[in-house]
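Comments concern the structure below.
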Amino acid sequence: MATTISPASAAAGAAPAAARLARPAGVSVCLGLWAAYNAILLRHLGSRCSPQGNYHIHVWGGGRDMNYPIYNYNGSVREFSYTWPVPQGTNICAELWYHKPGGGYESWGLPCEEM
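What follows is the structure, encoded as structure tokens:
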């Protein structure tokens with residue numbers, strides 16, 4: 026269910042090709058994304074949805090592109106909220122990246138949502 030990529034392609038900053046595919050808004054695999062009132066809420070789902078370890082979330086849309094800080098996931102829900110000032114109707118996507126212990130990254134969710 027996870028997608029593995031090399032660190033070089035994850036760091037490139039461009040939206041992954043998978044983001045161009047039709048995806049349900051809100052939740053994808055282990056990541057939830059909600060967007061409203063110029064803010065986003067990101068939720069790394071609990072109940073050991075994905076491997077324990079280090080993760081970061083990449084968010085883009087409306088001319089903005091951010092990699093948020095690395096955090097440790099231990100199986101409990103992790104929630105983050107950020108200001109994301111873009112016009113109503115803007116499509117925003119986020120991708121949850123697991124930092125594999127041996128190197129590289131693995132994707133554990135790619136939801137998109139309209140502001």
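In our numbering, the protein residues as written are 26 to 140.
Every residue, glycine too, gets a C-beta built ideally from N, C-alpha and C.
Just checking my contact of residue i with residue j at CB under 8 Å: how many whole Å lie between their CB atoms?
| i | j | result |
| --- | --- | --- |
| HIS124 | TYR98 | Actually they are not in contact, since the Cβ atoms of HIS124 and TYR98 sit about 10 Å apart, beyond 8 Å. |
| HIS81 | TRP122 | 5 Å |
Output yes or no for whether 8 Å exceeds the beta carbon distance between residue i and residue j.
| i | j | result |
| --- | --- | --- |
| ALA119 | LEU56 | yes |
| PRO110 | SER53 | no |
| THR115 | ALA64 | no |
| ILE117 | GLY88 | no |
| TYR91 | GLN113 | Before going further, note that residue 91 is Met rather than Tyr in the sequence given. Cβ distance not < 8 Å, so MET91 and GLN113 don't count as in contact. |
| GLY51 | GLU138 | yes |
| TYR93 | VAL102 | no |
| GLY78 | PRO126 | yes |
Just grab the DSSP bridge partners of residue i for me.
| i | result |
| --- | --- |
| ILE117 | GLU138 |
| ILE82 | LEU121 |
| ASN97 | ASN79 |
| LEU58 | LEU67 |
| SER72 | In the DSSP output, where bridge partners are listed per residue, SER72 has none listed. |
| VAL111 | DSSP, once it has assigned bridges, lists no residue as partnering VAL111. |
Hey, could you find the ends of the beta strand (DSSP E) residue i is sitting in?
| i | result |
| --- | --- |
| SER106 | 103–108 |
| ARG89 | 89–92 |
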